[in-house]
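Just add 59 to wherever you are in the sequence shown, counting from 1, and you've got this note's numbering. The beta carbon of each residue, even a glycine, is placed where N, CA and C say it ideally should be. To start, the structure under review is shown below, and the notes come after it.
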Amino acid sequence: MFEAIGHYRVQYKSALIQAKGMKEGHKSLIWLIRAILFVYIQIYAVHILATPFIAGLAVAAAALAGRYGIQAWQAFKARPPTAKMRRFYDGGFQPTMTKREAALILGVRENAPADKVKEAHRKVMVANHPDAGGSHYLASKINEAKDVMLGKTKGSGSAF
Numbered sequence: 060m061f062e063a064i065g066h067y068r069v070q071y072k073s074a075l076i077q078a079k080g081m082k083e084g085h086k087s088l089i090w091l092i093r094a095i096l097f098v099y100i101q102i103y104a105v106h107i108l109a110t111p112f113i114a115g116l117a118v119a120a121a122a123l124a125g126r127y128g129i130q131a132w133q134a135f136k137a138r139p140p141t142a143k144m145r146r147f148y149d150g151g152f153q154p155t156m157t158k159r160e161a162a163l164i165l166g167v168r169e170n171a172p173a174d175k176v177k178e179a180h181r182k183v184m185v186a187n188h189p190d191a192g193g194s195h196y197l198a199s200k201i202n203e204a205k206d207v208m209l210g211k212t213k214g215s216g217s218a219f
């Protein structure tokens with residue numbers, strides 16, 4: 060579109076140059092006005108033709124986006140139901156801590172090596188330490204879980 064406008068500018072300038080070359084008078088003035096109007100009408104016609112084209116592109120893009128949206132919604136509705144992911148352990152603590160419960164508390168496997176257990180204990184304890192706003196009860200359970208995992212106690216129960 061801008062190339063067409065540039066083309067008409069060249070025509071306008073050449074019309075002005077030709078008008079200056081003609082002898083002055085009534086005919087040259089009329090010719091100049093006609094040349095200016097002709098160029099203006101051609102530029103205006105380019106804009107008039109471009110507007111419906113751009114509007115058509117917008118309508119086509121909206122139609123394609125709507126079609127894609129409907130297809131995506133139908134695919135979403137047709138997918139099989141999946142089980143919801145659960146992040147937290149349901150229920151409280153058992154009266155006597157087992158190795159399974161201790162592993163769940165520390166976030167390690169039941170047969171994890173001692174260094175992994177100590178590292179997990181440190182991370183969980185830093186997050187739940189009473190000096191950092193954690194509860195004494197949780198801290199005691201975390202310490203008990205470490206002891207059970209390392210085999211120091213046989214799940215003797217909570218201090219509370």
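Exposed or buried, residue i, counting other C-beta atoms within 10 Å across all chains shown (16 or more means buried)?
{"i": "Lys182", "result": "exposed"}
{"i": "Lys136", "result": "exposed"}
{"i": "Met207", "result": "Here residue 207 is Val; the residue named in the question, Met, does not match the sequence. The residue in question, Val207, is buried, as its Cβ has 16 or more Cβ neighbours within 10 Å."}
{"i": "Val118", "result": "exposed"}
Return yes when the Cβ of residue j is within less than 8 Å of the Cβ of residue i, no when it is not.
{"i": "Ala179", "j": "Leu197", "result": "no"}
{"i": "Val176", "j": "Leu123", "result": "no"}
{"i": "Phe152", "j": "Lys205", "result": "no"}
Comparing the CB of residue i with every heavy atom of the ligand ATP, is any distance shorter than 7 Å?
{"i": "Thr157", "result": "Here there are no bound small molecules, and the ligand ATP is not part of this structure."}
Got a sec? Which residues, its chain only, sit under 8 Å from residue i by beta carbon, not counting five neighbours each side?
{"i": "Ala191", "result": "Val185"}
{"i": "His46", "result": "The structure shown does not extend to residue 46, since the chain is modelled only from 60 to 219, so the question has no answer here."}
Going by C-alpha distance, which of the options is nearest residue i?
{"i": "Ala161", "options": "Thr141, Ile95, Asn202", "result": "Asn202"}
Keeping to the same chain, check which residues put their C-beta closer than 7 Å to that of residue i; ignore five residues upstream and five downstream.
{"i": "Leu116", "result": "none"}
In its own chain, which residues sit with a C-beta less than 6 Å from the C-beta of residue i, not counting the 5 before and 5 after it?
{"i": "Lys211", "result": "none"}
Is residue i close to chain D? Criterion is C-beta to C-beta, closer than 8 Å.
{"i": "Val167", "result": "Among the chains of the structure shown, chain D does not appear; only one protein chain is present."}
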